[in-house]
Structures are given as structure tokens and as C-alpha cells.
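S.K.:
In the working numbering, the protein residues as written are 2 to 240.
1) Report the rounded CA-to-CA distance for residue 70 versus residue 132, giving the unit in angstroms.
2) Is there contact between the region 70-90 and the region 210-217, where contact requires at least three CB pairs shorter than 8 Å?
3) If you count every other CB in all the chains shown that lies within 10 Å of the CB of residue 160, and 16 or more means buried, which is it?
4) Alpha carbons only, please: which of 187, 150, 158, 176 is nearest the one belonging to residue 118?
5) Going straight from the alpha carbon of residue 171 to that of residue 145, what length do you get?
6) According to the neighbour-count rule (16 or more other Cβ atoms, all chains shown, within 10 Å of its Cβ), is residue 137 buried or exposed?
7) State the Cα-Cα distance for the pair residue 155 and residue 149, rounded to the nearest angstrom.
8) Measure how close the beta-carbons of residue 89 and residue 179 come, nearest whole angstrom, since I'm counting them as under 8 Å.
9) If you draw a straight line from the C-alpha of residue 187 to the C-alpha of residue 86, how long is it?
10) Tell me, to the nearest whole angstrom, how far the beta carbon of residue 68 is from that of residue 200; I am working on the premise that it is less than 8 Å.
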């Protein structure tokens, strides 16, 4: 019994000394962190660095505004190209329907008879007149009209019904070419609109980050987190 009491009285001062050392360490650590935080917060900012940060933020903001205008313009171009594509498709569809109807009229055989004097010249004039009218209405191209007048792939002696069917096929070919061009233009406009939108998103993100850095005036993220985690009010010894 006496030995146990002696051991108790000997161990109590040692335990108390250990607790005192632990509390002293906590106080020292809290004071060190608080002093680093206060010194970091009270450290004077570099005026030149702040001016550079604000200037960079302004430049990025201006670039973002210009990118926004470019993105809006590119999107408007894409919408216009899409409308042109729809119109080109409708024109091709109508020309294809007319060409099919004209081809059906050529399915019936023509009466074979001796032609009157000057009839071949009349047929030629009819073909040239019909092709010129189609070119004025932008139904065929200048190159196609030149082929008609040069009789490249065209027979001016054929019956007007056959010539009319060939002319409708030429109109359909021209509308098909216009549709392919409109399709390529629409795809290019869409890609440019997507690129402009992506550039705008990147510039807006960079502008927001630059504005935050320029107007923060706060310690770094890690330092701020540690400062929030270790405050003197939350230390156990201050309770």
C-alpha cells in the first residue's frame, strides 16, 4: 500500500509536466500561425504588381468583349448560311420534280415526218431563247449557257419537247450544285461559330480569374485555408 502511494505521488508530477508541455506547445503553434497570418495580411502590396494585374484584367476583359461580338457575328453568319441551305434544298427539290415531269413527257414517241424548210433553225432559236431565259432567271449558270450556244452536249435539231426536258435536267443539275455549295458554306460557318464560342468561353474564364486576382488583395488560397482552420479562438487552450 505504501509503495503504491509513493508511485502515485511520483507519477502525478510527471503527468502534470507532460500536460503543461503539451499546452505550451499548442500555445506556441497557435501564436506562430496567427503571427504569420497577420503578417501576411498586413504585408504591403506591391503597387506596380497590382497595377499590372489590373491592366492585364482590363485587357482580357476588352478581349472578351471583342470575342463576344465576334461570336455573335459568327452565329448570325451561321444562321444566314442555314437559311440559304434550306432555300437551296427547296429550289433543288422543285427543280427535280419538274425535271421528272418533263422526262415523263418524253416517254411518248414522237411522230416521224419530214421537216419543213427552216424548222431546224426554229428549233435552234427556241433552244437558245429558252436557255437564255433560264440563265437570266439564274436557273442555269453562264457555263451551261455557253455549252448550249456552242452545242456542247446539246443538239439544237431535237424536238422542243426533248430540248425542254434536257433544259429541265440542266436546271436540276445547277440547283444541285448550288445546294452542295450551300451545304459546304453552312458547315464552315458552323465550325467558325463553334470556334468563336469556345474562344469566348476561354476568354471569359480568364477575365474572371484576372479580375479576381487583381481585386483580391488576400493571401494565397492555401495560406487562407490554413488561417481559417487555425484561429486563436478555436485553439483548445483558449476555451
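Using N, Cα and C, we set each Cβ at its ideal position, and we do this for glycine too. Given the structure is predicted, the values throughout are model-derived calculations rather than measurements.
M.R.: Taking the structure as given:
1) 45 Å
2) no
3) exposed
4) 158
5) 8 Å
6) exposed
7) 6 Å
8) 5 Å
9) 7 Å
10) 5 Å
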